[in-house]
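A.B. asks:
In mature numbering (1 follows the signal peptide of the UniProt record, and there is no 0), the protein residues as written are -19 to -1, 1 to 94.
1. From residue 94 to residue 21, what does the alpha carbon distance come to, in whole angstroms?
2. Grouping DSSP H, G and I as helix and E and B as strand, with all else coil, what is residue 50?
3. Can you check whether the CB of residue 67 is closer than 9 Å to the CB of residue 170?
4. Taking the straight line between their C-alpha atoms, what separation do you get for residue 58 and residue 2?
5. Do you know whose CA, among 80, 19 and 16, lies nearest residue 28's CA?
6. Does the beta-carbon distance from residue 71 to residue 90 come in below 9 Å?
7. State the beta-bridge partners of residue 2 as determined by DSSP.
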């Protein structure tokens, strides 16, 4: 009986876990070191999400919103403008909504030398 209950709980957990859409890749890659300041950033997710907020922050400044007003549909791939102004460390923070209604968020960092 315990084995059946445990199997049922594991099955439910697997469905819930697969409902989320992890960030699969970014450009620049997380913890990358670049020679030039990029003009765009890319986020690629496992499943469709809708971005609700993206910010970038330089090590010497406050977070600034990244323009996402054209990103109104659920998608897996997003290409966004990036307005970096100087060399140094950057953090990109994002928030989104999965098609299943779950709120998602995360971040990645890169350095421009």
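Here a beta-carbon is modelled for each residue, glycine too, at the ideal position from N, C-alpha and C.
C.D. replies: Let's see:
1. Translated into the one-based positions of the chain shown, residue 94 becomes position 113. Translated into the one-based positions of the chain shown, residue 21 becomes position 40. Using only the alpha carbons, I get a separation of about 17 Å.
2. If you number the chain shown from 1, residue 50 lands on position 69. Note: residue 50 maps to coil in three-state DSSP.
3. Limits of the chain in this structure are -19 at one end and 94 at the other, which puts residue 170 out of reach.
4. As a working note, residue 58 is residue 77 in the chain shown. As a working note, residue 2 is residue 21 in the chain shown. Taking the Cα positions, residue 58 is about 12 Å away from residue 2.
5. Taking the chain shown and counting its residues from 1, the one referred to as residue 28 is at position 47. Here the closest residue by C-alpha is 80.
6. Your numbering for residue 71 matches position 90 in the chain shown. Your numbering for residue 90 matches position 109 in the chain shown. Yes.
7. Here residue 2 refers to the residue found at position 21 when the chain shown is read from its first residue. Its beta-bridge partners do not exist; DSSP assigns none.
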